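Single-structure report; data block below.
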Amino acid sequence: FEHSDVATLTRPDFEIIIKTKIGEEVPKPLVYLDSAATSHTPKQVIEDIADYYETMNSNVHRGAHTLSRMATTAFEEGRDTVASFVNAYSRNEIIFTSGATEAINLVASSFGRSTLKEGDEVVLTEMEHHSNIVPWQMIAQETGAVLKFVKIDFEKGGLDLEHMKTLLTEKTKLVGFQHVSNVMGCINPVQDMVTMIRQKSPNAKILLDACQSVPHMKVDVQELGVDFLAASGHKMCGPTGIGFLWGREDLLNSMPPYMGGGEMIDQVTLEGSTYAQAPARFEAGTPPIAQAVGLASAIRYLEKIGMDKVEAYEHEIASYMYKRMSQVKKVTVLGPPEGVERAALCAFYVDGVHPSDLGTFLDIEGVAVRAGHHCCQPLHQAKGISHSARASLYIYNTKEEVDYFVDQLEKTIQFFTGLETQIDGASGGD
Ligand code: PMP
Numbered sequence: 031f032e033h034s035d036v037a038t039l040t041r042p043d044f045e046i047i048i049k050t051k052i053g054e055e056v057p058k059p060l061v062y063l064d065s066a067a068t069s070h071t072p073k074q075v076i077e078d079i080a081d082y083y084e085t086m087n088s089n090v091h092r093g094a095h096t097l098s099r100m101a102t103t104a105f106e107e108g109r110d111t112v113a114s115f116v117n118a119y120s121r122n123e124i125i126f127t128s129g130a131t132e133a134i135n136l137v138a139s140s141f142g143r144s145t146l147k148e149g150d151e152v153v154l155t156e157m158e159h160h161s162n163i164v165p166w167q168m169i170a171q172e173t174g175a176v177l178k179f180v181k182i183d184f185e186k187g188g189l190d191l192e193h194m195k196t197l198l199t200e201k202t203k204l205v206g207f208q209h210v211s212n213v214m215g216c217i218n219p220v221q222d223m224v225t226m227i228r229q230k231s232p233n234a235k236i237l238l239d240a241c242q243s244v245p246h247m248k249v250d251v252q253e254l255g256v257d258f259l260a261a262s263g264h265k266m267c268g269p270t271g272i273g274f275l276w277g278r279e280d281l282l283n284s285m286p287p288y289m290g291g292g293e294m295i296d297q298v299t300l301e302g303s304t305y306a307q308a309p310a311r312f313e314a315g316t317p318p319i320a321q322a323v324g325l326a327s328a329i330r331y332l333e334k335i336g337m338d339k340v341e342a343y344e345h346e347i348a349s350y351m352y353k354r355m356s357q358v359k360k361v362t363v364l365g366p367p368e369g370v371e372r373a374a375l376c377a378f379y380v381d382g383v384h385p386s387d388l389g390t391f392l393d394i395e396g397v398a399v400r401a402g403h404h405c406c407q408p409l410h411q412a413k414g415i416s417h418s419a420r421a422s423l424y425i426y427n428t429k430e431e432v433d434y435f436v437d438q439l440e441k442t443i444q445f446f447t448g449l450e451t452q453i454d455g456a457s458g459g460d
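With the numbering used here applied, the sequence shown has no gaps in its numbers, which climb one by one up to 460 at the end.
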């Protein structure tokens, strides 16, 4: 099939999308444009999770009984699936976490706390999600490390890489940045950035927040050349409660565990303990087993479509949405201008209309967009706005939905601007 058929082929698998109606009096079909926050889960994944609970549910590892062996196999096969999806060097490099947030906190707590000394530098960007800022602020406070932030070039709609160059020094111990911005929609040139970092900061490790790229394009850790990568399952057709950290095996084994408990040990005596190697080293306690089975199923689902087709389709509808939105009066779309490749999302603001009013009015028409700071307050501060609205697309969204959304957006803006004129007129008359 052609990439342009992706939505036609996938939509029937997402019952929530085809069945949900929004509103009670005049129900409207759901137009779900919030997949950058959480994507939907196809029936194949829901069935695989149900099958896990119905046929093999039990605790993993150690168990001598049949169900435990089956659960262990399914869980560990999930790790193999994730490892091959991102082209890890080894399955031991995949640590299951509750999501990207936990994956980043793991790196900050373990690598950060054990490595950073007073005066060491951590370079992040103004574009980062709070999950890649706050853990570093916490560790910097504890260790005396200094945080520096790469500026955003809003004209270009991406990071200011010249500024980045000036921040990188021999004192830089970690550089953390997003692959794709959840607000700007820009795709950062990871390989160029890695080359720059390796040249200027040979002592730095590189952490890539790949939350918004792994679900939408082929991501190959070997090609990218980073040291750590974090992603979340619920943004890639998988369940909530699971994500993963990929890290280089020798690096992971050189880091101290960050949670203690069952599974992560080698030997425990009352005097002390020795620790297992990765991945068990970082998976204390009962892991998210059903969720790992679900995540693996989601990856199989995406791979069956083909990540090249996912990417090509999203590219097509992303450019279409951008083009339509940039023609709407009073709307400013954040991120790269037309002609520069962007992810399938548009964060935007409208002169004179608060993003949450937009969100509420669009919801009445069945359109689900997000309004707020999208966990990127520093990005909004740098732009001089407090909030934005965001429409984000995935494999199941169609051009017709984009048209409906933009029409409703125009209608909403007209309503608010009309109101404004009326109020202005009224007050002028008085
Ligand atoms: N980074 C980015 C770029 C994100 O978009 C998100 C989710 N909005 C996160 C990190 C955090 O992911 P989670 O909440 O699933 O841990």
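Glycine is no exception: its CB is placed at the ideal position from the N, C-alpha and C atoms.
Owing to the predicted nature of the structure, the values given are computational and were not obtained by experimental measurement.
Exercise for the section: May I ask you to list the residues that DSSP assigns as paired with residue 276? Expected result: Position 246 of the sequence shown, counting from 1, holds the residue named residue 276. Paired residue(s): 124 and 259.
Handout entry: DSSP state of residue 188 mapped onto helix, strand, coil
Key = Here residue 188 corresponds to residue number 158 of the sequence shown, with the count starting at 1. Residue 188 falls in the strand class under three-state DSSP.
Practice task
From the DSSP output, in three-state form, read off residue 398 for me.
Solution key: The residue labelled residue 398 in the question sits at position 368 within the sequence shown. Of the three classes helix, strand and coil, the one that applies to residue 398 here is strand, per DSSP.
Exercise for the section: Would you be able to state if there are at least three C-beta pairs under 8 Å between the segment 411–418 and the segment 362–380? Expected result: Flag = yes, the segment 362–380 and the segment 411–418 touch.
Exercise for the section: Mind checking which residues open and close the alpha helix (DSSP H) that includes residue 99? Expected result: In the sequence shown, counting from the first residue as 1, residue 99 sits at position 69. It spans 96–115 - the alpha helix (DSSP H) in which residue 99 sits, taken as one unbroken run.
Exercise for the section: Rounded to whole angstroms, what's the CA-CA distance from residue 306 to residue 286? Just pull it up for me. Expected result: The residue labelled residue 306 in the question sits at position 276 within the sequence shown. The residue labelled residue 286 in the question sits at position 256 within the sequence shown. Using only the alpha carbons, I get a separation of about 10 Å.
Exercise for the section: Count the other CB atoms, across all protein chains shown, that sit within 10 Å of the CB of residue 258; report buried if there are 16 or more and exposed otherwise. Expected result: Stepping through the sequence shown from its first residue, residue 258 is reached at position 228. The residue is buried, with at least 16 neighbouring Cβ atoms inside 10 Å.
Handout entry: Status (buried if at least 16 other CB within 10 Å, exposed otherwise) for residue 95
Key = Counting from 1 along the sequence shown, the entry for residue 95 is found at position 65. The residue in question, residue 95, is exposed, as its Cβ has fewer than 16 Cβ neighbours within 10 Å.
Exercise for the section: Could you check which residue in 371, 178, 130 and 319 has the C-alpha nearest to that of residue 240? Expected result: One-based indexing of the sequence shown puts residue 240 at position 210. Closest option to residue 240, Cα to Cα, is 130.
Exercise for the section: Kindly indicate which residue of 77, 407, 440 and 443 has the alpha-carbon position closest to the one of residue 462. Expected result: What the structure shows of the chain is the stretch from 31 to 460, and residue 462 is not part of that stretch, so it cannot be assessed.
Problem - Straight-line gap, residue 102 to residue 115 (C-alpha atoms, nearest Å) - result: For this step, residue 102 is matched to residue 72 along the sequence shown. For this step, residue 115 is matched to residue 85 along the sequence shown. Roughly 20 Å between the two C-alpha positions.
Handout entry: Closest by C-alpha distance to residue 57, when choosing among 343, 395, 411 and 266
Key = Position 27 of the sequence shown, counting from 1, holds the residue named residue 57. Comparing Cα-Cα distances from residue 57 to each of 343, 395, 411 and 266, the minimum goes to 395.
Handout entry: Three-state secondary structure (DSSP) of residue 420
Key = In the sequence shown, the residue the question calls residue 420 occupies position 390. For residue 420, the secondary structure class from DSSP, reduced to helix, strand or coil, is strand.
Exercise for the section: Pick helix, strand or coil for residue 69, following the three-state DSSP scheme. Expected result: Taking the sequence shown and counting its residues from 1, one reaches residue 69 at position 39. It is coil, neither helix nor strand.
Problem - Range covered by the beta strand (DSSP E) that runs through residue 1 - result: Here the chain comprises residues numbered 31 to 460, so residue 1 is not present and cannot be evaluated.
Practice task
Just mark residue 111 as buried or exposed, buried being the case when its beta carbon has 16 or more other beta carbons within 10 Å.
Solution key: Counted from its first residue, the sequence shown places residue 111 at position 81. Residue 111 comes out buried.
Exercise for the section: Leaving out five residues on either side along the sequence, give the residues of the same chain with a beta carbon under 8 Å from the beta carbon of residue 47. Expected result: Position 17 of the sequence shown holds residue 47. Hits under 8 Å: 41, 60, 62, 70 and 426.
Exercise for the section: Could you tell me whether the Cβ atoms of residue 320 and residue 87 are closer together than 9 Å? Expected result: One-based indexing of the sequence shown puts residue 320 at position 290. One-based indexing of the sequence shown puts residue 87 at position 57. For residue 320 and residue 87, yes; Cβs fall inside 9 Å.
Problem - Helix, strand or coil at residue 206 according to DSSP, with G and I counted as helix - result: Numbered from 1 along the sequence shown, position 176 holds the residue referred to as residue 206. Residue state, collapsed to three classes: strand.
Practice task
May I ask whether a heavy atom of the ligand PMP can be found less than 8 Å away from the beta carbon of residue 218?
Solution key: As a first step, residue 218 is located in the sequence shown; it is residue number 188 there, counting from the start. For residue 218, the CB stays at least 8 Å from every heavy atom of the ligand PMP.
Exercise for the section: Check whether the Cβ atoms of residue 275 and residue 145 sit closer than 9 Å, and answer yes or no. Expected result: In the sequence shown, the residue the question calls residue 275 occupies position 245. In the sequence shown, the residue the question calls residue 145 occupies position 115. 9 Å or more divides the Cβ of residue 275 from the Cβ of residue 145.
Handout entry: beta-carbon residue 193 near the ligand PMP non-hydrogen atom, thresh 8 Å
Key = Counted from its first residue, the sequence shown places residue 193 at position 163. Outside the cutoff, so no.
Problem - residue 134 Cβ short of 8 Å to the ligand PMP heavy atom set - result: As a working note, residue 134 is residue 104 in the sequence shown. Within 8 Å of the C-beta of residue 134 there is at least one heavy atom belonging to the ligand PMP.
Exercise for the section: Would you give the residue range spanned by the beta strand (DSSP E) that residue 229 belongs to? Expected result: Residue 229 sits at position 199 when you count from the first residue of the sequence shown. Residue 229 -> not in any beta strand (DSSP E); alpha helix (DSSP H) instead, spanning 220–230.
Exercise for the section: Measure the C-alpha to C-alpha separation of residue 66 and residue 300 and round it to an integer number of angstroms. Expected result: Along the sequence shown, one-based indexing puts residue 66 at 36. Along the sequence shown, one-based indexing puts residue 300 at 270. Their backbone Cα atoms lie some 46 Å apart in a straight line.
Problem - Local conformation of residue 59 per DSSP, three classes - result: Along the sequence shown, one-based indexing puts residue 59 at 29. Strand.
Problem - Residues that DSSP places opposite residue 241 in a beta bridge - result: Within the sequence shown, residue 241 is the residue found at index 211, counting from 1. Answer by DSSP bridge pairing: none, since residue 241 is not bridged.
Problem - Residue interval of the beta strand (DSSP E) (run including residue 119) - result: To locate residue 119, count along the sequence shown from 1; it is residue 89. Note, residue 119: premise wrong, no beta strand (DSSP E); not H, not E.
Practice task
Would you mind reading off the limits of the beta strand (DSSP E) that contains residue 297?
Solution key: Along the sequence shown, one-based indexing puts residue 297 at 267. That run of the beta strand (DSSP E) goes 295–299.
Practice task
Would you list the residues sitting across from residue 155 in a DSSP beta bridge?
Solution key: Residue 155 sits at position 125 when you count from the first residue of the sequence shown. Under DSSP, residue 155 takes part in a beta bridge, and its partners are 180.
Problem - Integer-rounded CB distance, given that residue 209 should sit under 8 Å from residue 29 - result: Absent from the structure is residue 29, since the part of the chain shown begins at 31 and ends at 460.
Practice task
Please decide whether residue 427 counts as near chain D, where near means a Cβ-Cβ distance under 9 Å.
Solution key: Absent here is chain D; the protein component of the structure consists of one chain.
Practice task
Determine which residues share a DSSP beta bridge with residue 375 and list them.
Solution key: Reading the sequence shown from its first residue, position 345 is the one you call residue 375. Beta-bridge analysis with DSSP links residue 375 to 422.
Problem - Whether residue 267 touches residue 365 by CB criterion (9 Å) - result: Mapped onto the sequence shown, residue 267 falls at position 237. Mapped onto the sequence shown, residue 365 falls at position 335. Taking a C-beta distance under 9 Å as the contact criterion, residue 267 and residue 365 do not qualify as a contact pair.
Problem - Proximity to residue 511 [Cα-Cα], best of 197, 187, 282 and 199 - result: The requested residue 511 does not occur in the structure, where the chain is confined to residues 31 to 460.
Practice task
Assign residue 150 to one of three DSSP states: helix, strand, or coil.
Solution key: The residue you call residue 150 lines up with position 120 of the sequence shown. Coil, per DSSP.
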